[in-house]
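Protein chains in written order, with this note's numbering: chain P, 1 to 138; chain G, 1001 to 1138; chain D, 2001 to 2138; chain U, 3001 to 3138.
Below is the structure:
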């Protein structure tokens, strides 16, 4: 699937990310994905405050992570987010690479849906506000 | 300082609490403290929803932790919370023991102050609601 | 896929699991999965110390989570782990339910592969030790 | 106490650091301290691998945190570490400031002691290796 929009973020592995195998605990990777998701949503000016103001929350309903190579202490990583679906739900693909070698460490995706903050109802189509925000990039 | 009120909670150390030294990362202990804090606040019917309804948030302004012995994988621990100050600020002392041996693993405290949710102002005296909730125990 | 072996664990949602939407941050669910994984591996006496002693680590190479309903503060949850694949890789399916209502909150799976701790080589077939441990349940 | 050595690190507050009060959960600040601790230990070439090679672990035996101002979503913060004690134990003071305003958000310290990795014995004096590493800065 072709990405409509892409963003990147860089960070570094810390001691508290590691488990007793000296590698990043597999539950931490979604926090790394978040770094690039935030940059991506910034590009369309639809971050958490704007979501809230628009009357919608966007909870994650699906997460997939494939771990290609272990991440170790002090490794610098580049997290890339590609927006690949937006008409009904927001699907973002993620790739994490070793900043030094370019090796792929991890890939995955999240799917988010809009929930009306007042009624609590899940929206089967992405609300108009998302299309407006994305308009310049379509 | 004599405790006005005490509560306990039990939990078990998991793999993701550990760091590469095979011991619980020192930043995780405040999450264990929380388990007993919640039980303590339950006793006076002043948990998070009741705090919110009362118009006050109670952020932690001080945390101290002393690590006596390392916590290891699958260790069962008992966390004890003792309410020791309440007139101006809420001070809770914590002790964590090995459930199997009774050995003290960790001690510490947190200090919380009331913040008016509307004005954002810190309260130099604990608001009346706290005294009311504590009345039966004084 | 029929489960060869199943295990359950119970826990409770805490304040620090929540994000500003008042629901559990989607990155925390893999920590809940872990609670039941540990119980499952206990049943075949192949927990982390036994893995290490056997000369293999078992890193997670794939994680999938589907979030059906939000988890909220103090909700008691039951995490179920079903072992569904073991011949080449270890695949465990997870289901999280609301302990009070039985409602499904979340489902998912992890895939783990054996890695020889000495050579660092990934094993394309599960090592003999796993079959031995599973023998009584096949 | 005068600092023998100082280091700084910069990071940014993310959504998963926040609790339902829209501020950073107080248990997360020790992870921020770690960012500057690592930079500090780098300056003397005594990071985790060098510690391990020297035959000593350096567990934290005391943590203190004072929370001056709440940290909010996307705030850029500067974490400063000052090494203030090293003869018997390693005491590092930490200060976190808002990168935009310079406001102090948080201060604290950790105390670490050397533990002989072979015998597991706590060292009442810092081992010779630490003095050697610090020599150029004394």
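From the three backbone atoms N, C-alpha and C, an ideal C-beta is built for every residue, glycine too.
Treat the numbers as computed from the prediction; the structure is a model and nothing was measured.
May I ask you to list the residues that DSSP assigns as paired with residue i?
i	result
residue 3097 of chain U	U:3078, U:3104
residue 3112 of chain U	U:3060, U:3090
residue 2024 of chain D	D:2018
residue 1122 of chain G	G:1115
residue 2010 of chain D	D:2078
residue 138 of chain P	Paired residue(s): none; residue 138 of chain P is not in a bridge.
residue 3005 of chain U	U:3083
If I'm right that residue i touches residue j with Cβ under 8 Å, what's the distance once you round it to whole angstroms?
i	j	result
residue 2023 of chain D	residue 59 of chain P	7 Å
residue 2123 of chain D	residue 2090 of chain D	About 11 Å separates the two Cβ atoms, so there is no contact after all.
residue 1083 of chain G	residue 1040 of chain G	6 Å
residue 66 of chain P	residue 78 of chain P	Contact doesn't hold; Cβ gap of about 17 Å is too wide.
residue 34 of chain P	residue 3014 of chain U	6 Å
residue 27 of chain P	residue 2027 of chain D	6 Å
residue 1099 of chain G	residue 1010 of chain G	6 Å
residue 1069 of chain G	residue 1008 of chain G	That belief does not hold up - the Cβ atoms of residue 1069 of chain G and residue 1008 of chain G are roughly 19 Å apart, past 8 Å.
residue 2012 of chain D	residue 2072 of chain D	About 11 Å; that fails the 8 Å criterion.
residue 125 of chain P	residue 88 of chain P	6 Å
residue 3005 of chain U	residue 3094 of chain U	So it is not a contact: roughly 13 Å between Cβ atoms.
residue 2021 of chain D	residue 57 of chain P	6 Å
residue 1025 of chain G	residue 1019 of chain G	4 Å
residue 3133 of chain U	residue 3061 of chain U	The pair is not a contact, with the Cβ atoms about 20 Å apart (cut-off 8 Å).
residue 1109 of chain G	residue 1052 of chain G	With a Cβ gap of about 24 Å, residue 1109 of chain G and residue 1052 of chain G do not count as contacting.
residue 1037 of chain G	residue 1092 of chain G	6 Å
Mind pulling the chain P residues with CB within less than 8 Å of residue i?
i	result
residue 3166 of chain U	Look at the range of chain U in this structure, 3001 to 3138, and you will see that residue 3166 of chain U is not part of it.
residue 3015 of chain U	34, 38, 48
residue 2089 of chain D	Those do not exist, as residue 2089 of chain D stays about 13 Å from chain P at its closest Cβ, beyond 8 Å.
residue 1018 of chain G	19, 20
residue 2023 of chain D	59
residue 1027 of chain G	16
Using the beta-carbon of each residue, which ones in chain G are nearer than 7 Å to residue i?
i	result
residue 3037 of chain U	Result: empty, since nearest Cβ-Cβ is about 11 Å, beyond 7 Å.
residue 3104 of chain U	Those within 7 Å of residue 3104 of chain U in chain G number zero; the least Cβ separation is about 13 Å.
Report the neighbours of residue i on chain U: residues whose CB is nearer than 8 Å to its CB, in chain order.
i	result
residue 2032 of chain D	Neighbours of residue 2032 of chain D on chain U: none; closest Cβ ~15 Å, over 8 Å.
residue 1109 of chain G	Near residue 1109 of chain G there are no residues of chain U at all, since even the closest Cβ is about 10 Å away, more than 8 Å.
Residues of chain P with CB closer than 7 Å to the CB of residue i, please, in chain order.
i	result
residue 3073 of chain U	48
residue 1120 of chain G	Per Cβ cutoff of 7 Å: no residues; residue 1120 of chain G is ~17 Å from chain P at best.
residue 2093 of chain D	The contacting residues do not exist; residue 2093 of chain D stays about 14 Å from chain P at best.
Note down, in chain order, every chain U residue with its Cβ under 9 Å from the Cβ of residue i.
i	result
residue 2058 of chain D	Simply none; closest approach about 24 Å.
Taking Cβ-Cβ distances shorter than 9 Å, what residues in chain G pair up with residue i?
i	result
residue 3138 of chain U	Chain G residues near residue 3138 of chain U: none, gap ~27 Å exceeds 9 Å.
By the criterion of Cβ-Cβ separation under 8 Å, what are the contact partners of residue i in chain G?
i	result
residue 3133 of chain U	Under the 8 Å cutoff, chain G gives no residues; its nearest Cβ is about 20 Å from residue 3133 of chain U.
Identify the contact partners of residue i in chain U, using a Cβ-Cβ distance below 7 Å as the criterion.
i	result
residue 1008 of chain G	Ordered by position in chain U, no residue passes the 7 Å Cβ test against residue 1008 of chain G, which lies about 20 Å from the chain.
At a CB-CB cut-off below 8 Å, which residues of chain D make contact with residue i?
i	result
residue 70 of chain P	2059
In chain order, what are the residue ranges of uninterrupted beta strand (DSSP E) at least 3 long that sit wholly in the stretch 3040–3089 of chain U?
Qualifying beta strand (DSSP E) stretches, in chain order: 3060–3067, 3076–3085.
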